[in-house]
């Protein structure tokens with residue numbers, strides 16, 4: 070197979086016996102699974118929720134934990150929908166090559182941590198920001214080290230995996246060709262859904278940051294023909310931004326906070342663009358033998 074014919078977005082369409090209902094069903098089932106699993110986690114944990122008026126810190130920990138549990142729980146369902154409906158193995162949901170490329174994940178993690186590390190250094194030298202080591206830092210760090218990678222991977226398999234591959238199957242021609250305008254449309258829908266699911270009640274800089282970060286992840290997927298780089302950058306971005314927020318005394322106050330300014334968004338997105346460019350330069354146009 071010529072490397073130019075590799076297209077992660079049309080893998081489902083290339084399967085024998087493809088029918089449009091599979092793409093539609095995968096999209097609807099993914100939306101249903103996302104909604105139901107989130108609701109089930111909330112219902113199960115609701116009796117244990119602390120009083121937000123009297124126990125603010127406990128409520129913050131509870132909210133963080135349940136949010137990460139819900140997202141991590143969706144990951145196997147995304148894989149299952151891809152396997153049963155789109156008939157793609159997890160390896161095919163991961164890359165056009167047909168296996169998960171750990172080397173790309175590792176390199177993207179490194180690039181992401183370096184770029185976001187530069188952002189973190191700038192924050193530490195900001196005299197207007199006071200950093201402290203909160204008593205519950207170990208609790209949050211444990212979540213960031215265990216559940217955060219699963220949460221980041223789940224979002225990639227949902228929005229840039231199942232959603233994008235379903236749309237790719239629907240939009241591709243009978244011969245499996247997907248024209249670039251349709252590629253842009255698929256990624257636009259992916260970014261809009263990614264932004265919408267995270268909530269639109271925040272400020273414009275926050276909403277723009279989520280959308281633009283989604284664009285960066287879409288670029289790496291098209292460049293490397295797989296999810297590994299996007300997962301690595303996603304983990305690095307979330308881990309460092311949330312760890313910084315925790316050290317500021319509020320794990321919810323990061324780039325997604327209402328106080329975020331356009332300069333914060335421009336800096337973080339710019340650094341992620343640089344990281345994605347480095348990854349794309351190294352692992353763009355993968356060979357089928359990789």
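In our numbering, the protein residues as written are 70 to 359. Even glycine gets a Cβ: it sits at the ideal position worked out from N, Cα and C. These numbers come from a predicted model, not from an experiment.
Residue environment, residue 233, which counts as buried when at least 16 other CB atoms sit within 10 Å:
buried
Per DSSP, residue 295 forms a beta bridge with which residues?
Answer is 164, bridged to residue 295.
Burial state of residue 79 (16 or more Cβ within 10 Å):
buried
Starting from the C-beta of residue 84, find all residues in its chain whose C-beta is less than 6 Å away, skip the five residues before and the five after it, and write them out in chain order.
Closer than 6 Å at Cβ, skipping near neighbours: 156.
In the stretch 172 to 197, which residue ranges form an unbroken alpha helix (DSSP H) of at least 4 residues, counting only runs that do not cross its ends?
none
Extent of the continuous alpha helix (DSSP H) to which residue 103 belongs
Element bounds for residue 103: 89 to 114.
Are the stretch 180 to 196 and the stretch 84 to 99 touching, with three or more C-beta to C-beta distances below 8 Å?
no
Buried or exposed by the 16-neighbour rule on C-beta atoms within 10 Å, applied to residue 333
buried
Taking a contact to mean a Cβ-Cβ separation below 9 Å, would you say residue 203 touches residue 315 in this structure?
Result yes, Cβ atoms of residue 203 and residue 315 sit closer than 9 Å.
Own chain, CB closer than 7 Å to residue 130, minus 5 neighbours either side, in chain order:
205, 208
When you compare only the Cα positions, how much space is there between residue 359 and residue 166?
In this prediction, residue 359 scores a pLDDT of 39, lower than 50, which makes its location untrustworthy; the coordinate-derived value is nonetheless stated afterwards. Distance between the alpha carbons of residue 359 and residue 166: 7 Å.
From residue 294 to residue 163, what distance separates their C-alpha atoms?
9 Å
Is residue 246 helix, strand or coil by DSSP?
coil
9 Å Cβ cutoff met for residue 173 and residue 352
yes
Just curious, the alpha helix (DSSP H) that residue 210 is in, first and last residue?
206 to 224
Can you tell me which of 235, 304, 251, 246 puts its alpha carbon nearest to the alpha carbon of residue 224?
304
At least three beta-carbon pairs within less than 8 Å, the stretch 266 to 278 to the stretch 118 to 138
No: fewer than three Cβ pairs fall under 8 Å.
So, helix, strand or coil for residue 274, using DSSP?
helix
Could you tell me which of 286, 245, 244, 277 sits nearest to residue 229, measuring between CA atoms?
286
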